Amino acid sequence: MKKLGAVIGFCLLSVATFAQAEEDGKKIYESACFACHNSGIAGAPKLGDAEQWGSRLEKGVATIKQNAIKGFSGSTGFMPAKGGRADLSDAAVEAAVDYMLSQSITSE
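Here the numbering used here is used: position 44 in the sequence shown is 34, and no number is missing along the way.
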């Protein structure tokens, strides 16, 4: 019975942690990413546009996160390192990417 309680507690904590991470990602998006990813400036994939995000996902989530952290310049557009916000941690940028993906890619 104690093991079952521990498992249930862990599951609830995991859900709460995920919800907090998504909320943090949303806040970072709103403060650092919105200006470009809302309108598609410099080729930025728009929030909610599954086609634009899907073509980038072909390279993998790790590549998307690395490009967001380190910056990217190519045929699809330009992404300044950390969106031009050097004050953001890598984890904060990754949370924003996770949020944007969660709002842009639908599960089938």
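For every residue, glycine included, the Cβ atom is placed at its ideal position computed from N, Cα and C. What you are looking at is a predicted structure, and each value in this text was computed from that prediction instead of being measured.
* **Own chain residues within Cβ distance below 8 Å of ILE95, not counting five before or after** => ALA40, TRP43, GLY44, LEU47
* Classification of ALA81 by the beta-carbon crowding that lies within 10 angstroms, buried from 16 upward -> exposed
* Asked: When we look at the beta-carbon of CYS1 and count the other beta-carbons within 10 Å, is it buried (16 or more) or exposed?
  -> Confidence at CYS1 is low in this model, with a pLDDT of 46, below 50, so its placement is unreliable and no value can be given for it.
* Asked: Taking the alpha helix (DSSP H) that GLY64 falls in, what are its first and last residues?
  -> Where GLY64 is concerned, there is no enclosing alpha helix (DSSP H), although the beta strand (DSSP E) it sits in stretches over 62 to 64.
* Give me the Cα-Cα distance between ASN28 and ALA22, rounded to the nearest whole angstrom. => 11 Å
* Contacts around ALA58, its chain only, beta-carbon distance under 8 Å, and the 5 residues preceding and following it disregarded -> MET69, LYS72, GLY73, VAL83, GLU84, ALA86, VAL87
* For the alpha helix (DSSP H) that GLY44 lies in, which residues bound it at each end? -> 40 to 47
* Nearest residue (CA-CA) to GLY64, options TYR19, SER79, ILE18, ALA32 -> ALA32
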